[in-house]
Amino acid sequence: MDTAFYLDKFQKAADQLDQKVLREKEIEVAVGEVMDSVFLKLYKKSWASPGEDPLTAASRIFFSIWVNDDIIEEQKIYYNIHAFKLRHLKGYAIQSRQFADVFRSRFKLFENQWSNVSVKFGPLTLMEGWVKLNQSNFQHDVLSLANSFLSIAHLVDETLLKFKK
Numbered sequence: 001m002d003t004a005f006y007l008d009k010f011q012k013a014a015d016q017l018d019q020k021v022l023r024e025k026e027i028e029v030a031v032g033e034v035m036d037s038v039f040l041k042l043y044k045k046s047w048a049s050p051g052e053d054p055l056t057a058a059s060r061i062f063f064s065i066w067v068n069d070d071i072i073e074e075q076k077i078y079y080n081i082h083a084f085k086l087r088h089l090k091g092y093a094i095q096s097r098q099f100a101d102v103f104r105s106r107f108k109l110f111e112n113q114w115s116n117v118s119v120k121f122g123p124l125t126l127m128e129g130w131v132k133l134n135q136s137n138f139q140h141d142v143l144s145l146a147n148s149f150l151s152i153a154h155l156v157d158e159t160l161l162k163f164k165k
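Numbering follows my numbering, in which position 142 of the sequence shown is assigned residue number 142; successive positions increment by one, without gaps.
Structural data, given as structure tokens:
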């Protein structure tokens, strides 16, 4: 995989996100590399353990779009929403499976807007899917996925509210 190429494409997509919307929703963006994958992540500081880096906190929720060698070979771009160790998220009384069930029931209304999406995972992966990788539209496709998440990010907030102490 040409890591520099994909980092550049992800960063250009991130740069095209509406900064006003990101500020209003208090959503932050990160582009980077982890475990041989290049990613774009969208997250809120409030979706992670206080005082910890929201990208690496033990307890956190984030949306991710990523590629790696195997995924590129499949001609796909993957995306998902992860929810790690939510029982440790301060200020909430969360059982991960219950959180996943509540989120997924709310997500059902939006499921048809997501290509090849599934919610048939354990509680760590709230939803996951993929879109066809088309090199000529790669940056646009990443931007489109990110914007699609921005339109449903409220589902995470609404679900968290149900578990507030």
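Here a beta-carbon is modelled for each residue, glycine too, at the ideal position from N, C-alpha and C.
From a predicted model like this one, the values you see are computed outputs, not experimental measurements.
- With respect to the 7 Å criterion, residue 9 and residue 27 are not classified as neighbours on the basis of their beta carbons.
- For the 7 Å CB-CB criterion, residue 39 and residue 59 do not form a contact.
- In this structure, residue 48 keeps its C-beta atom at 7 Å or more from the C-beta atom of residue 31.
- Distance from the CA of residue 163 to the CA of residue 128, rounded to the nearest whole angstrom, comes to 23 Å.
- Residue 140 has its alpha-carbon roughly 10 Å from the corresponding atom of residue 134.
- Beta-bridge partners of residue 26 (DSSP): none assigned.
- Taking a cut-off of 8 Å for Cβ pairs, the segment 75 to 83 and the segment 51 to 58 do not touch, as fewer than three such pairs fall below it.
- When Cβ pairs closer than 8 Å are counted between the two stretches, the segment 148 to 160 is seen to touch the segment 101 to 108, the count reaching three or more.
- Per DSSP, residue 92 lies in no alpha helix (DSSP H) and is assigned neither H nor E.
- Contact annotation: residue 76 and residue 114 have beta-carbon atoms that are not nearer than 7 Å.
- Burial state of residue 50 is exposed, judged by a 10 Å Cβ sphere holding fewer than 16 other Cβ atoms.
- Rounded to whole angstroms, the separation of the alpha carbons of residue 112 and residue 35 is 30 Å.
- Between residue 125 and residue 119, the alpha-carbon positions lie close to 8 Å from each other.
- Contact check for residue 165 against residue 93 passes: the beta carbons are separated by less than 7 Å.
- With fewer than 16 other beta carbons inside 10 angstroms of its own, residue 4 counts as exposed.
- Residue 73: member of the alpha helix (DSSP H) spanning 69 to 73, first to last residue.
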